[in-house]
Amino acid sequence: MSKVITIISGKGGVGKTTTSINLGAALTELGKDVVVVDANLTTPNVGLHLGAPIVPISLNHVLSGKAKISDAIYEHDSGTRIIPSSLSVKELRRLNYSRLKDVARSLKRTVDFVICDSAAGLGQEAMASMEAADELIIVTNPEIPAVTDALKTAKLAEEMGKNVKGVVVTRVRGGKGEMEIENIRDMLDLPILGIVYEDKNVQSALANKNPLLHEYPNSKASRAYRRIAAKIAGMDYKEPGFFARMFGR
Ligand SMILES: Nc1ncnc2c1ncn2[C@@H]1O[C@H](COP(=O)(O)OP(=O)(O)O)[C@@H](O)[C@H]1O
Ligand SMILES: [Mg+2]
Numbered sequence: 024m025s026k027v028i029t030i031i032s033g034k035g036g037v038g039k040t041t042t043s044i045n046l047g048a049a050l051t052e053l054g055k056d057v058v059v060v061d062a063n064l065t066t067p068n069v070g071l072h073l074g075a076p077i078v079p080i081s082l083n084h085v086l087s088g089k090a091k092i093s094d095a096i097y098e099h100d101s102g103t104r105i106i107p108s109s110l111s112v113k114e115l116r117r118l119n120y121s122r123l124k125d126v127a128r129s130l131k132r133t134v135d136f137v138i139c140d141s142a143a144g145l146g147q148e149a150m151a152s153m154e155a156a157d158e159l160i161i162v163t164n165p166e167i168p169a170v171t172d173a174l175k176t177a178k179l180a181e182e183m184g185k186n187v188k189g190v191v192v193t194r195v196r197g198g199k200g201e202m203e204i205e206n207i208r209d210m211l212d213l214p215i216l217g218i219v220y221e222d223k224n225v226q227s228a229l230a231n232k233n234p235l236l237h238e239y240p241n242s243k244a245s246r247a248y249r250r251i252a253a254k255i256a257g258m259d260y261k262e263p264g265f266f267a268r269m270f271g272r
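For what it's worth, our numbering labels the leading residue of the sequence shown as 24, then goes sequentially.
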């Protein structure tokens, strides 16, 4: 059954876009038909992450009824498909969130998973992408302010009657000052879908405008995203053995 999954967070900069793109790439790798939508319309990043910062037709055109959805879908060399949003400041004045839900619903008819990369926080923009979702995934870092903000997001989701599939904890270093994963789970009262450790490969992949999963397929973070994607797709995940990691999958 097709699903719209919105990747959301309370605090900004916690790893939502990285998570959206790499879950999109991992689900694509599992043979699923996926499109990653940049629903962070005020500060869009999906196109930047994948080397398509400026495109002729963006999500903004679709939302304002000036273009068809199919014309705003772009395929990265990695096979990951995205709908970028406009970087133009002019477009900010004409943002129209009200059609996001309809756009996500229409997309759902043609693909297995629509992954919406959301804005952070609890504002109108984040709420529109939550509204469009069948399921939410909350991203947080293991620090108290991020988890406290994630709790607000979880409460808002509950008020909106939205199902939260679980939490992805990213940039985990295991250092002092970080919350224990069990404490995060207890505080949010939600299942932990996965843990993504701090990985310098994430920044190198970003610099090379390629999903981490394709740039560094055997990195710890890539494997974490594959495990989460398998959970989302309801499939088994088999950890690659030593030789598979050494010589490619
Ligand atoms: N697991 C990770 N290890 C190291 N850096 C990461 C990791 N995940 C995300 N980052 C970095 O953190 C920054 C914010 O990530 P991003 O995905 O853009 O967050 P958001 O979309 O929530 O603002 C980026 O510079 C990104 O490269
Ligand atoms: Mg982002």
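All C-beta atoms in this analysis are idealised placements derived from N, C-alpha and C, irrespective of residue type, glycine included.
Quantities reported herein were computed from a predicted structural model and do not represent experimental measurements.
For secondary structure counted as the beta strand (DSSP E) over 3 or more consecutive residues, the region 187–255 holds these complete runs in sequence order: 215–220.
For ligand 2, a non-hydrogen atom lies closer than 7 angstroms to the CB of residue 68.
Nearest neighbour of residue 226 by Cα position, chosen from 242, 216, 190 and 110, turns out to be 242. Boundaries for residue 65: no alpha helix (DSSP H) harbours it, and the DSSP string shows neither H nor E there.
Residue 191 sits buried, since 16 or more C-beta atoms from the chains shown fall within 10 Å of its C-beta. Using a 10 angstroms sphere on the CB of residue 153, the tally of other CB atoms reaches 16 or more, which defines it as buried.
Going by DSSP, residue 31 is part of no alpha helix (DSSP H) but of the beta strand (DSSP E) stretching over 26–31. Sixteen is the threshold: since fewer than 16 other Cβ atoms of the shown chains lie within 10 Å of the Cβ of residue 132, the residue is exposed. For residue 44, the enclosing alpha helix (DSSP H) stretches over residues 39–52. When Cβ pairs closer than 8 angstroms are counted between the two stretches, the region 132–145 is seen to touch the region 32–42, the count reaching three or more. DSSP, reduced to helix, strand and coil, places residue 262 outside both helices and strands of the structure shown, so it counts as coil. In the DSSP assignment, residue 94 falls outside any beta strand (DSSP E) and carries neither an H nor an E. Measuring C-alpha to C-alpha distances from residue 76 to each of 99, 88, 54 and 91 identifies 99 as the nearest. The criterion of a C-beta distance shorter than 8 angstroms is not satisfied by residue 96 and residue 37. In this structure, DSSP gives residue 166 a state outside helix and strand, which the three-state scheme calls coil. With 16 or more neighbouring CB atoms inside 10 Å of its own CB, residue 27 falls in the buried class.
Taking C-alpha positions only, residue 107 is separated from residue 255 by approximately 23 angstroms. Listed in chain order, the non-local C-beta contacts of residue 157 below 6 angstroms within the same chain comprise 26 and 27, local neighbours out to five positions each way being set aside. Positions of the alpha helix (DSSP H) runs, each at least 4 residues long and wholly inside the region 95–170, are given as 112–115, 123–131 and 147–154 in order along the chain. Rounded to the nearest angstrom, the Cβ distance from residue 126 to residue 69 is 15 angstroms, too far for a contact under 8 angstroms. Between ligand 2 and the CB of residue 231, the shortest heavy atom gap is not smaller than 7 angstroms. Secondary structure note for residue 58: its beta strand (DSSP E) is the uninterrupted segment 57–61.
For residue 86, the enclosing alpha helix (DSSP H) starts and ends at 82–86. Counting every other CB atom within 10 Å of its CB across the protein chains shown gives residue 114 a total of 16 or more, marking it as buried. In this structure, 60 is the residue among 248, 218, 60 and 244 with its C-alpha nearest to the C-alpha of residue 129.
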